[in-house]
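Peer 1: Here the working numbering runs 203 ahead of the position in the sequence shown, where the first position is 1.
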Amino acid sequence: MSMDEKDTRPSPEEPMPPSAESPEPQESPDEAPPRPKRPIERFYDKFEGVPLKALDIFIGILIAAFIILVVLGYLKGHEII
204 MSMDEKDTRP SPEEPMPPSA ESPEPQESPD EAPPRPKRPI ERFYDKFEGV PLKALDIFIG
264 ILIAAFIILV VLGYLKGHEI I
């Protein structure tokens, strides 16, 4: 670098001017950043048009049917039925 050229880089002791800093997104204080959704929330989001209570009842019926089939299979396997 020659004597005529001026070094425009800030020295380590000098703080950077505000215009040179990277701008940070401004968030409103009452709005929390979005958090990742849990798997159950992602599942329910796929069925937005269905009432939540009806969906829960349907899932309960499927679980009950599965348990009944497992018990019947156990009883049949042990020749009780």
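Don't be surprised by glycine CBs; every beta carbon is placed ideally from N, CA and C.
Small disclaimer: the values here were computed from a predicted structure and weren't measured.
Helix, strand or coil for Ile260 per DSSP?
Peer 2: The answer is helix: DSSP assigns Ile260 an H, G or I state.
Peer 1: According to DSSP, is Glu244 part of a helix, a strand, or is it coil?
Peer 2: In the structure shown, Glu244 sits in a helix (DSSP, three-state: H, G or I).
Peer 1: In three-state DSSP terms, what is Gly276?
Peer 2: Residue state, collapsed to three classes: helix.
Peer 1: Is the Cβ-Cβ distance between Leu258 and Phe250 less than 8 Å?
Peer 2: Yes, the Cβ-Cβ distance between Leu258 and Phe250 is below 8 Å.
Peer 1: DSSP state of Ile283, grouped into three classes?
Peer 2: Three-state DSSP puts Ile283 in coil, outside helix and strand.
Peer 1: Roughly how many angstroms separate the alpha carbons of Tyr277 and Ile243, rounded to a whole number?
Peer 2: Each residue's alpha carbon lies about 31 Å from the other.
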